[in-house]
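**Q**
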Amino acid sequence: MLPEPGMPDLVLPSPLMRCNHPFLSEKNITLFVKRDDLIHPEISGNKYRKFKFNLEKIKLSNAETVITFGGAFSNHLHATAATCHYLGIKSIGIVRGEETSSGNPTLQFCRDKGMILHFIPRNEYRLKTDSELVKDIINLYSHPYILPEGGSNPEALSGVAEIWNELTLQINEPVDYIFCAAGTGATLAGLLKHGPQKTHILGFSSLKSNHLKDEIQNMAGKKTINNFTFFEDYHFGGYAKTTPELLEFIHSFENITGIPMDYVYNGKAVYGLFELIRKNYFPDKSVIVWLHTGGLQGNQGLPYLKK
Ligand SMILES: Cc1ncc(COP(=O)(O)O)c(C=O)c1O
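-15 is the number of the first residue of the sequence shown in this note's numbering; add one for each residue after it.
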């Protein structure tokens, strides 16, 4: 008999660990890592957080199909395909750009989980649901639930907010700073919207953008936020771009701490944090939490990067 569809076991609350690194001890900084990357190997990091309340809406709306968007190595497509597979829901991925013939492991995983992929040109992709092509694809499916790129919508923000409740139970000392990487910015917006004023929130953009900070504040429903600082200088050339320096940093950090990172998001954010510590940005004895947003599967894109 086939098992009933249902979510697999998830590691929740996600563990909070102390990050041991000689540089941090030398600088008198305490760094904790909220290991959302350990929530589930296929639905890791901020993905489960973003899905949680969307899944409730999907159930309530009796949707038969989830349609969503992403790039060729998208963590979001990967996690959506896995989640829908476990729940017995049909999943459709609208993929940015042409299909390449060189066997992409992320998209292969999505297909193996039953996701149907539609590839569309980048100029159409940019238009999102305003694109006629996208509208035609959506019309192919009955009762669809449309999940935006990155799973970033108001429900996602409520899911991210649960991190605060977990942290309150896991840590006794005041958290001076919390930081994470930004793509669409919804994870940061969730932290900002529902977080305590006394913790300063730091965001590190993984892409070149000069309007993401405003978008994050808008998503959080706040015009100006005193406890929010956004850094845009640690994108290493742009989204999913990297440099030997970044890869060397990730490698060394992983060797010393045993904590793996992806090069698209977390590697850039932690690199940025270390730079700030080096410049004595933080007061002595600061307590900082890194929200590890997962995305390790994205490292499969590394060999495919254009040289
Ligand atoms: C692993 C990982 N970290 C961080 C982010 C950035 O999250 P957000 O799009 O909510 O800013 C993403 C993208 O969603 C991601 O896949």
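C-beta atoms are modelled at their ideal positions from N, C-alpha and C, and glycine is treated no differently.
#1: If tyrosine 223 and leucine 191 are in contact, beta carbons under 8 Å, what's the gap, nearest whole angstrom?
#2: Pick out every residue whose C-beta is nearer than 5 Å to a heavy atom of ligand 1: which are they, in chain order?
#3: What separation, rounded to the nearest whole angstrom, lies between the Cα atoms of glycine 98 and lysine 252?
#4: Alpha carbon to alpha carbon, what distance is there between lysine 177 and isoleucine 185?
#5: Got a sec, what are the start and stop residues for the alpha helix (DSSP H) cysteine 94 sits in?
#6: According to DSSP, simplified to helix, strand and coil, what is methionine 203?
#7: Bridge partners for lysine 225 per DSSP, in chain order?
#8: If we ignore side chains and look at the alpha-carbon of each, how far apart do histidine 195 and glutamate 216 end up?
#9: Note the first and the last residue of the continuous alpha helix (DSSP H) segment covering tyrosine 109.
#10: Over the uninterrupted beta strand (DSSP E) stretch that includes serine 189, give me the two end residues.
#11: Candidates Glu40, Ser270, Ser142 and Thr14: which alpha carbon is nearest alanine 204's?
#12: Is alanine 319 helix, strand or coil when you go by DSSP?
#13: With a threshold of 8 Å, are at least 3 pairs of Cβ atoms found where one atom belongs to the stretch 19 to 29 and the other to the stretch -10 to 7?
#14: Within 10 Å of its beta-carbon, does serine 136 have 16 or more other beta-carbons around it, so buried, or fewer, so exposed?
#15: Determine the burial state of histidine 127: buried for a count of at least 16 other Cβ atoms within 10 Å of its Cβ, exposed for fewer.
#16: Do the CB positions of glycine 285 and phenylalanine 57 come within less than 7 Å of each other?
#17: Which one of Ser28, Thr67, Gly29 and Lys11 has the shortest CA to CA distance from asparagine 38?
#18: Does the Cβ of histidine 235 have 16 or more other Cβ atoms within 10 Å, making it buried, or fewer, making it exposed?
#19: Helix, strand or coil for glutamate 163 per DSSP?
#20: When you compare only the Cα positions, how much space is there between histidine 5 and isoleucine 209?
#21: Would you check if the stretch 265 to 283 and the stretch 154 to 174 touch, i.e. whether three or more CB-CB distances between them fall below 8 Å?
#22: If histidine 62 sits next to glutamine 201, beta carbons under 8 Å apart, how far is it from one beta carbon to the other, in whole angstroms?
#23: Quick check on tyrosine 255: buried or exposed, where buried means 16 or more other Cβ atoms within 10 Å of its Cβ?
#24: Since valine 273 is in the beta strand (DSSP E), which residue starts that stretch and which ends it?
#25: Residues bridged to serine 75 by DSSP?
#26: Please go through the same chain and pick out, in chain order, the residues whose beta-carbon is closer than 7 Å to the beta-carbon of glutamate 229, but skip the five residues on each side of it.
#27: Kindly indicate which three-state DSSP category isoleucine 209 falls into: helix, strand or coil?
#28: According to DSSP, which residues form a beta bridge with histidine 62?
**A** Reading off the structure:
#1: Contact annotation, tyrosine 223 with leucine 191: C-beta distance approximately 4 Å; criterion of less than 8 Å satisfied.
#2: My final list is Gly29, Asn59, Gly134, Ala165, Ala166, Gly167, Thr168, Gly169, Ala170, Thr171, Tyr249, Thr277, Gly278 and Gly279.
#3: 32 Å
#4: 11 Å
#5: 89 to 96
#6: helix
#7: In the DSSP assignment, no residue is bridged to lysine 225.
#8: 10 Å
#9: 106 to 110
#10: 184 to 189
#11: Ser142
#12: The structure shown does not extend to residue 319, since the chain is modelled only from -15 to 291, so the question has no answer here.
#13: yes
#14: buried
#15: exposed
#16: yes
#17: Thr67
#18: Answer is exposed; the Cβ neighbour count stays below 16.
#19: A small correction: the amino acid at residue 163 is phenylalanine; glutamate does not occupy that position in the sequence shown. Three-state DSSP puts phenylalanine 163 in a strand.
#20: 31 Å
#21: yes
#22: About 29 Å; that fails the 8 Å criterion.
#23: buried
#24: 271 to 276 is the extent of the beta strand (DSSP E) around valine 273.
#25: Val50
#26: none
#27: coil
#28: Answer is none; histidine 62 lacks a bridge partner.
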